[in-house]
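Q: First residue of the sequence shown: 1, per UniProt numbering; consecutive thereafter.
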Amino acid sequence: MRPPARAEGTRARAASGEGGGPLVGVIMGSTSDWETMGHAVEVLERFGVPHEKRVVSAHRTPEEMARYAAEAEGRGLVVIIAGAGGAAHLPGMVAAQTLVPVLGVPVESRALKGMDSLLSIAQMPGGVPVGTLAIGKAGATNAALLAVAILATTRPDLREGLRRFREEQARRVREATLG
Ligand code: RP5
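#1: Note down, in chain order, each residue of its chain lying with its Cβ closer than 6 Å to the Cβ of E52, except the 5 sequence neighbours on either side.
#2: Once DSSP output is grouped into helix, strand and coil, what is the label at H51?
#3: What is the DSSP secondary structure of L162, reduced to helix, strand or coil?
#4: Any residue with its Cβ nearer than 5 Å to a heavy atom of the ligand RP5 should be included. What is that list in chain order?
#5: May I have a chain-ordered list of the alpha helix (DSSP H) segments no shorter than 4 residues that lie completely inside the UniProt domain "PurE" (22-173)?
#6: When the Cα atoms are used, what is the spatial distance from V49 to V148?
#7: When you compare the segment 66-82 with the segment 94-103, are there three or more beta-carbon pairs, one atom per stretch, that lie closer than 8 Å?
#8: When every heavy atom of the ligand NAD is checked, does at least one fall within less than 7 Å of the C-beta of T132?
#9: Give a yes or no on whether the C-beta atoms belonging to M124 and G92 are separated by under 8 Å.
#10: On a CA-only basis, which of I135, A70, E108, D116 is nearest A95? Give me that one, please.
#11: Which residue from S57, G161, E175 puts its Cα closest to that of S44?
#12: Buried or exposed, going by whether 16 or more other CB atoms sit within 10 Å of the CB of R54?
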């Protein structure tokens with residue numbers, strides 16, 4: 001499958017860090033997922049990564065989901081972060097219809113505390129990968145950090161940003177006081 005010329009151009013732009021359209025797509029199955037998925041967007045904003053956020057439901061708007069996946073590469077998305085809860089089919093069904101890497105975030109469900117979401121996202125059949133993160137806020141945060149790390153393979157500025165982020169995190173642990 002040869003990527004369209006626009007995708008080639010966007011990849012070059014992603015590599016250089018020049019401005020333009022979104023490089024990371026953050027999608028979620030429902031507005032109720034935003035409380036969790038907002039943490040992914042927060043990280044992308046902190047690193048200055050161009051992104052978009054959208055509700056796309058595998059069950060309630062399957063045609064839109066298919067279109068989003070089919071158009072993702074041509075629109076220049078480099079990574080898709082997909083969050084869903086319960087019967088969490090969104091990340092897998094998007095991954096089935098695009099070559100853009102999909103990171104799945106299991107949203108904590110009320111009934112089963114997100115175990116259903118986790119297993120729905122993690123247990124993909126061999127051949128159609130979804131990079132599955134932890135349930136909830138940690139998963140959303142880490143999905144965005146992984147997206148930044150993927151972009152950082154060709155962006156020294158983002159690599160440096162990640163290095164500073166880790167240093168700052170370590171400093172806070174060392175300086176933590178109890179009681
Ligand atoms: C999933 O169903 C969504 O990802 C959400 O986590 C869950 C519940 O959705 P709502 O009923 O809150 O809209 O598709």
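All residues carry an ideal CB built from backbone N, CA and C; glycine is no exception.
A: In short, the structure shows the following:
#1: These residues qualify, in order along the chain: P22, G25.
#2: Secondary structure at H51: strand, using DSSP grouped into helix, strand and coil.
#3: Residue state, collapsed to three classes: helix.
#4: Put simply, the residues with a CB less than 5 Å from any heavy atom of the ligand RP5 are G29, S30, S32, D33, A84, G85, G86, V107, in chain order.
#5: You should have 34-46, 62-72, 90-95, 115-122, 137-152.
#6: Straight-line Cα distance between these residues: approximately 8 Å.
#7: Because the criterion of three Cβ pairs below 8 Å is met, the segment 66-82 and the segment 94-103 touch.
#8: As far as ligands go, the structure on display features the ligand RP5 and does not contain the ligand NAD.
#9: G92 sits close to M124, with the two beta carbons spaced by under 8 Å.
#10: Comparing Cα-Cα distances from A95 to each of I135, A70, E108, D116, the minimum goes to A70.
#11: Here residue 44 turns out to be Leu, not Ser, going by the sequence shown. Residue G161 is the option with its Cα nearest to L44.
#12: It counts as exposed.
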